[in-house]
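The numbering used here numbers the first residue of the sequence shown as 2 and each following residue consecutively.
Working notes, beginning with the structure itself.
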Amino acid sequence: MNAVRQTTLGDCVTLSGVGVHSGKQARLSIAPAEADTGIVFHRTDSSQSVRACRGAVRGSDLATVLRDSSGPAVSTVEHLLACFAGLGVDNAHVELDGPEVPILDGSAGEFVAAVDDAGIVETNRPRRYLRVLKPVRIETETGYGELTPYDFGFRLEVEIDFAHAAIGRQRFAATMSPDVFRKELASARTFGFVSDVERLWQAGYALGASLDNTICLGEDGIVNTTGLRYADEFVRHKALDAVGDLAIGGLPMMARYRSYRGGHKLNFAVVDALLSDRTAYEVVEARIPARRSVSANAGVVAVAVPAYAPEL
Numbered sequence: 002m003n004a005v006r007q008t009t010l011g012d013c014v015t016l017s018g019v020g021v022h023s024g025k026q027a028r029l030s031i032a033p034a035e036a037d038t039g040i041v042f043h044r045t046d047s048s049q050s051v052r053a054c055r056g057a058v059r060g061s062d063l064a065t066v067l068r069d070s071s072g073p074a075v076s077t078v079e080h081l082l083a084c085f086a087g088l089g090v091d092n093a094h095v096e097l098d099g100p101e102v103p104i105l106d107g108s109a110g111e112f113v114a115a116v117d118d119a120g121i122v123e124t125n126r127p128r129r130y131l132r133v134l135k136p137v138r139i140e141t142e143t144g145y146g147e148l149t150p151y152d153f154g155f156r157l158e159v160e161i162d163f164a165h166a167a168i169g170r171q172r173f174a175a176t177m178s179p180d181v182f183r184k185e186l187a188s189a190r191t192f193g194f195v196s197d198v199e200r201l202w203q204a205g206y207a208l209g210a211s212l213d214n215t216i217c218l219g220e221d222g223i224v225n226t227t228g229l230r231y232a233d234e235f236v237r238h239k240a241l242d243a244v245g246d247l248a249i250g251g252l253p254m255m256a257r258y259r260s261y262r263g264g265h266k267l268n269f270a271v272v273d274a275l276l277s278d279r280t281a282y283e284v285v286e287a288r289i290p291a292r293r294s295v296s297a298n299a300g301v302v303a304v305a306v307p308a309y310a311p312e313l
C-alpha cells in the first residue's frame with residue numbers, strides 16, 4: 002500500500018566511516034526536514050548544498066555523484082538514497098564533512114539501523130508520486146533498463162549475468178515496501194573483482210575498499226572468509242543500487258523497473274529518459290482522508306497536479 006503523507010526523521014543521527022573510492026574518512030549526520038524539502042546534502046567543509054535530483058547528477062559510472070553548478074561534489078550517495086527510498090523517507094538534511102558518503106559495511110544496513118533509531122514521522126503534507134504512463138527503455142550492447150506502468154507501488158525485476166563461477170546468472174524480483182527492503186535488500190553488500198583492483202587504483206577509485214566493506218572475488222571464488230549474507234547477494238546488491246539510483250527521479254515512483262546487466266549508469270539513463278519525455282509520466286498526489294472517514298483502502302489517487310520534472 003502506498004503511503005499517503007510525506008515523512009521525515011524523528012531525530013538526528015550520525016555515522017562515520019571511510020569513502021570506498023576516495024579512501025577518506027567522513028562524518029555524516031542526518032536530520033529532519035520540512036515537507037517538500039526532499040533529500041538535501043550539505044557539505045559542511047564548504048557551506049554548499051545540493052538536492053538529490055536528476056539535474057544534480059554529474060557522474061554515474063562507478064557511483065552516483067551529485068553537484069550543483071558551483072559547489073563541490075557529493076559522491077557515492079546511492080546506498081543512502083536507497084535507504085531513504087526503501088524505508089519511505091521523503092525529506093531529510095544530510096550533512097557531510099567530506100566528498101564522499103561513507104561506505105560503512107558496503108550495504109545500506111547501517112543506514113537503515115540509524116534511520117530506525119531516529120524514527121520516521123509523518124508530516125501534514127500529502128505525498129506526491131512519479132507515475133509512469135508508458136514504457137521507457139534504454140538498451141546497451143550487453144543489457145537494458147526499462148520502466149513500465151505499474152499502479153501498485155514500485156516493483157523491481159533485476160537480473161545479472163557474470164562469467165564468474167561464484168555469480169553466474171541471478172534474478173531478484175519484488176514489489177518494494179519498507180519490510181521487503183529491510184529483509185531482502187538492505188544488508189546486501191557491494192562486490193568487486195581482484196583482477197580489476199590495480200586498474201581502479203590507477204584511475205583513483207576503490208582506494209577505501211577492503212574485505213570489511215566489499216565482497217571480493219578472486220579467480221577461485223570469494224576471498225572474504227565470512228562468506229555471503231544471501232546465496233544471491235550479488236543480484237540483491239544490484240537491486241539495492243537500482244532503488245537508490247532511481248530515487249534521483251526526485252519522487253517515489255509508481256512503476257515497474259526491469260533491468261538486465263545494469264548498473265548506476267544505465268539506471269540513471271532510464272530516469273533521465275523518463276523525465277525528458279513529459280508524456281511518459283505524471284505527478285499524482287495522495288489524497289489525505291478526513292479524520293472521520295479514514296479507510297484501510299486510503300491511498301494514492303490521481304488528483305489534478307500539473308506534470309512537471311520534480312527538480313523544478
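For each residue, glycine too, the CB sits at the ideal point set by N, CA and C.
In the DSSP assignment, A27 forms a beta bridge with G18.
Around the C-beta of K135, fewer than 16 other C-beta atoms lie within 10 Å, and the residue is accordingly described as exposed. The C-beta distance from F269 to S61 rounds to 4 angstroms, short enough to fall under 8 angstroms. In this structure C13 is exposed. Its beta-carbon is surrounded by fewer than 16 other beta-carbon atoms within 10 angstroms. About 5 angstroms separates the beta carbon of A34 from that of A93, a gap short enough to meet the 8 angstroms contact definition.
In the three-state reduction of the DSSP assignment, C84 falls in the helix class, which pools H, G and I. Residue ranges of uninterrupted beta strand (DSSP E) with 3 or more members, entirely inside the segment 134-196 and ordered along the chain, are 137-140, 145-150, 155-163, 169-176 and 192-194.
Taking a C-beta distance under 8 angstroms as the contact criterion, V75 and F42 qualify as a contact pair. With distances taken between CA atoms, V195 lies nearest to L212 out of V95, A287 and L212. Annotation for R126: no alpha helix (DSSP H) segment contains it, though the beta strand (DSSP E) segment containing it runs I121 to P127. In this structure, the straight-line span from the alpha carbon of S23 to that of A119 is close to 28 angstroms. For L63, there is no enclosing alpha helix (DSSP H), as DSSP marks it with neither H nor E.
Counting along the chain, V244 sits inside the alpha helix (DSSP H) bounded by residues E234 to L247.
Nearest to G263 by C-alpha distance, out of L97, I249, L241 and L105, is L241. At the C-beta level, A4 and G89 come within 8 angstroms of one another. In terms of CA proximity to S70, S50 leads the group S50, F112, R200 and F85. By the neighbour-count definition (other C-beta atoms within 10 Å, threshold 16), K239 is a buried residue.
Contact check for L201 and A167: beta-carbon distance about 19 angstroms, past the 8 angstroms limit, so the pair fails to qualify. Only residues of its own chain outside the window of five on either side were considered, and among them P136, V137, R138, I139, Y258, R259, S260 and V271 have a CB closer than 8 angstroms to the CB of E147, listed in chain order.
H265 places its beta carbon 8 angstroms or farther from that of A83. A residue is called buried once 16 or more other Cβ atoms fall within 10 Å of its Cβ, and P290, having fewer, is exposed. The beta carbon of V113 lies closer than 7 angstroms to those of C84, L88, R183 and A187 in the same chain, with the five residues before and after it left out.
Beta-bridge partners assigned by DSSP to V284: L131.
Its chain contains E160 as the residues whose beta carbon lies nearer than 6 angstroms to that of R172, once the 5 sequence neighbours on both sides are disregarded; these appear in chain order.
In the DSSP secondary-structure assignment, V51 is bridged to F42.
Relative to R156, the option among D273, P179 and V19 whose CA is nearest is P179. In terms of Cα proximity to A256, the closest of P73, A57, E79 and M177 is M177.
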